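Have a look at the structure below before the remarks.
In the working numbering, the protein residues as written are 2 to 110.
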C-alpha cells in the first residue's frame, strides 16, 4: 500500500479501466494492483482534495473534451489531460506526494 494512504481500495472486476479514484475510494480491476497504479490514483485523490470533487470532475471532463477535439483520439486526449500528465510522470516516485506543491497539475496545462 502507498505510504500515508488514508482511503479505501475496492476491487471491481468489471471495471473498464485498471484503476479509478473517487475520493476517498480507489477502485481497481485486479485483486492485487501494482504499487505504481495505487500511487497514480493517490495523486488523483490529492488533486481532488485540492480542487474539490465537483470542480475536479468538471475540469477533468472539459479538458478531456478540448483535448479530444484537438487530437481526435481518445487515448491521446486522455494521456494529455493535465491531471493525468502529472500522475503518469510521478507515479513511480514514492516521495512525490510529500514534496508536491499545491495545484501542481497547473504546470501540465
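Cβ coordinates follow ideal geometry from the N, Cα and C atoms, glycine included. As the structure is a computational prediction, the values presented were derived from the model and not from experiment.
Any idea if residue 18 is buried or exposed, counting beta-carbon neighbours within 10 angstroms, 16 or more meaning buried? exposed
Please name the residue, chosen from 78, 23, 10 and 44, that lies closest to residue 90 on a Cα-to-Cα basis. 44
May I have the straight-line CA-CA distance separating residue 100 from residue 54, to the nearest angstrom? 22 Å
How long is the line joining the alpha carbons of residue 59 and residue 25, rounded to whole angstroms? 18 Å
Count the other CB atoms within 10 Å of the CB of residue 63; is the residue buried (16 or more) or exposed (fewer)? exposed
Quick one, are the C-beta atoms of residue 51 and residue 103 less than 8 Å apart? yes
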